[in-house]
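The sequence shown begins at 11 in the working numbering and counts up by one.
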Amino acid sequence: MSFNVAPINIPPKGPAAPAVVMDVSPGKCTNTCPKQNCAIHAAKVDSKELADIMGRLSLSDITTNNNNKPRSGPLPGLGVTIPRPMSGPLIRKAKVKFHFVRHAQSDLSLSSDFEAITPSSLFAVHNIRTIKDNTTFRDTDLTPHGREQARELGLYFPFVDSIKALFASPLRRCVSTSLIAFPSIYERGVRVTLWEDLREFGYAQCNTGSTLHKLRENFREIKTGVVNTELLYGGWEFLYEPTVEDRMERVEKVKRELKEFEHVILNGGTWKGMVYLPHYGEEDVGVLIVSHGGFLAKLMNYPKQNWSNAEYRTFKFPSEEKIAAGCPPLHLLQTKASYAKEHVPLKQAGPPFHFEIDNTTQERLLEIQEYKDHIENCDRKAREGEARSFAAFMKSVVADEDARD
């Protein structure tokens, strides 16, 4: 038996396409990070952005022939080229990053014994319990160590040039931290806007604010326009949040308003009566927020997370892809660079004592004395009221007995 086998014709192999080399290495570090070309702060390659760029390029754009000239048409052996839609500009879309800062170490508080005030009993921690009913100094300011922490924060913070808005709690320790740490920001026209909703939780004296009149006396920057108080209102200094639900309502309100502000700072518009121009360019936009440890922990949905004095962390809202995957749209996500390293410019060193009684301390002592007198007056009135009530009750009892007789 014989078989007729047809010959197999193998077409000649076409010339191999030259290798394509694309440099996608991150650029050099251009911020003020103490470590040159820091791997954390250096620009990262955005995979989505890279895929978008590759989708807009054809092989004829990124390959060359032997004469180092761009090829025209498809490569030999390939019937199609990568589509090159040019409907949109080849520009990276800017993102908004929120840099949250806890205030630096705050002003002097007293030991639990108000009557035994000595220099050694003055603690440089604002929330130590004092005098009566767990009260503390009202609206405390920064200690000398706290002011040094704020200055170090200004040198350590690497995102100064990207900041387009600066918000701070109107409590004095946050206002002072903002003014001491970031003069390079407000000197170029970015005002420190005091936002009442950024204040700390609780009813303690240290979390009770100062009146607008007193803030103007303490901070001349309010009169010069550096500090913006248009979001404050009369009576803001007293906080009333009796339940956990009330506190969380404020947290969710701040998240919603930050999300709205993200759109306004990029595209322009009005937010809380303030007008912002649209942002042009590929650089990310930074929003700086100076607040308190307890409030920031709730805002990030980590109630037990501790924030050090003058510590900053960077967050952003989830992208559309993450929201489609199930991430809540108002959930703040910490960036990888921020999560990889603790950003504390100057930690507490030595015992938390302050041995200098200055004018600021004397003012606080007067406030404590006034508050103590107020408490004693309230107690005295309560006792007098109880005595009057008891006397009236006894008179009614005697009258009833006389009526029976």
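Backbone N, C-alpha and C fix where the C-beta goes; we use that ideal spot for every residue, glycine too.
Could you tell me the distance, in whole angstroms, from the CA atom of residue i to the CA atom of residue j?
| i | j | result |
| --- | --- | --- |
| glutamate 331 | threonine 345 | 16 angstroms |
| asparagine 238 | phenylalanine 327 | 26 angstroms |
| leucine 242 | glutamate 206 | 6 angstroms |
| phenylalanine 400 | valine 407 | 10 angstroms |
| leucine 176 | serine 188 | 8 angstroms |
| phenylalanine 305 | lysine 351 | 21 angstroms |
| tyrosine 290 | glycine 279 | 14 angstroms |
| leucine 152 | tryptophan 317 | 17 angstroms |
| threonine 203 | lysine 282 | 11 angstroms |
| isoleucine 190 | phenylalanine 147 | 22 angstroms |
| arginine 157 | glutamate 267 | 30 angstroms |
| proline 154 | proline 288 | 40 angstroms |
| methionine 404 | aspartate 383 | 31 angstroms |
| glutamine 315 | arginine 323 | 12 angstroms |
| isoleucine 333 | lysine 107 | 17 angstroms |
| asparagine 228 | glycine 244 | 17 angstroms |
| alanine 402 | arginine 393 | 14 angstroms |
| lysine 265 | leucine 208 | 11 angstroms |
| glycine 87 | valine 170 | Low confidence applies here, because glycine 87 scores a pLDDT of 43, under 50, leaving its location unreliable; read the following figure in that light. Between glycine 87 and valine 170, the C-alpha separation is close to 53 angstroms. |
| arginine 253 | lysine 263 | Per the sequence shown, residue 253 should be read as threonine rather than arginine. Cα-Cα distance, rounded: 16 angstroms. |
| glycine 395 | arginine 414 | 29 angstroms |
Nearest to residue i by alpha carbon, out of the options?
| i | options | result |
| --- | --- | --- |
| serine 2 | Lys103, Ala104 and Phe110 | In the structure as shown, the chain begins at 11 and stops at 415. Residue 2 is therefore absent and cannot be evaluated. |
| isoleucine 275 | Tyr250, Asp294 and Asn316 | Asp294 |
| glutamate 255 | Asp149, Phe211, Arg157 and Asp151 | Phe211 |
| glutamate 251 | Trp317, Thr218, Arg148 and Thr153 | Thr218 |
| valine 235 | Thr253, Glu197, Glu267 and Phe248 | Sequence inspection shows glycine at residue 235; the valine mentioned does not correspond to that position. The option with the nearest alpha carbon to glycine 235 is Glu197. |
| alanine 160 | Arg257, Arg183, Pro288 and Ala335 | Arg183 |
| leucine 222 | Phe147, Val185, Tyr213 and Ala350 | Val185 |
| aspartate 149 | Arg230, Glu231, Leu249 and Ala320 | Leu249 |
| tyrosine 213 | Phe169, Trp246, Ile190 and Glu240 | Trp246 |
| phenylalanine 325 | Ala334, Ala307 and Arg393 | Ala307 |
| valine 261 | Asn277, Ala409, Tyr312 and Cys216 | Tyr312 |
| leucine 1 | Arg102, Ala397 and Glu321 | This structure cannot speak to residue 1, because the chain is shown only from 11 to 415. |
| glutamate 240 | Val264, Arg398 and Val285 | Val285 |
Using a Cβ-Cβ cutoff of less than 6 angstroms, which residues in the same chain neighbour residue i once the five nearest sequence positions on both sides are dropped?
| i | result |
| --- | --- |
| cysteine 337 | Pro328 |
| arginine 390 | none |
| methionine 310 | Leu342 |
| arginine 257 | Phe211 and Glu251 |
Note down, in chain order, each residue of its chain lying with its Cβ closer than 7 angstroms to the Cβ of residue i, except the 5 sequence neighbours on either side.
| i | result |
| --- | --- |
| lysine 233 | Arg226 |
| glutamate 259 | none |
| lysine 224 | none |
| glutamate 5 | As displayed, the chain neither begins before 11 nor continues past 415, which places residue 5 out of reach and without an answer. |
| asparagine 387 | none |
Leaving aside the five residues before and after residue i along the sequence, list all residues of the same chain whose C-beta is less than 8 angstroms from its C-beta, in chain order.
| i | result |
| --- | --- |
| isoleucine 173 | His109, Phe192, Ile195, Val200, Gly296, Val297 and Leu298 |
| aspartate 412 | none |
| alanine 397 | none |
| alanine 335 | none |
| alanine 409 | none |
Report yes if the C-beta distance between residue i and residue j is below 8 angstroms; otherwise report no.
| i | j | result |
| --- | --- | --- |
| alanine 104 | glutamate 292 | yes |
| valine 300 | serine 220 | no |
| arginine 112 | histidine 353 | no |
| leucine 340 | lysine 269 | yes |
| asparagine 319 | glutamine 115 | yes |
May I ask you to check if the CB of residue i is nearer than 7 angstroms to at least one heavy atom of the ligand HEM?
| i | result |
| --- | --- |
| lysine 314 | Looking for the ligand HEM in the displayed structure turns up nothing, as the structure carries no ligands at all. |
>> My parser needs the beta strand (DSSP E) runs of 3 or more residues fully inside the stretch 159-222; what are they?
In response: 173-178 and 202-204
> Can you list the alpha helix (DSSP H) stretches of 4 or more residues lying completely in the stretch 225-270, in chain order?
Replying inline: 230-234
> Fully enclosed by the stretch 283-320, which beta strand (DSSP E) runs are 3 residues long or longer?
Replying inline: 284-286 and 295-301
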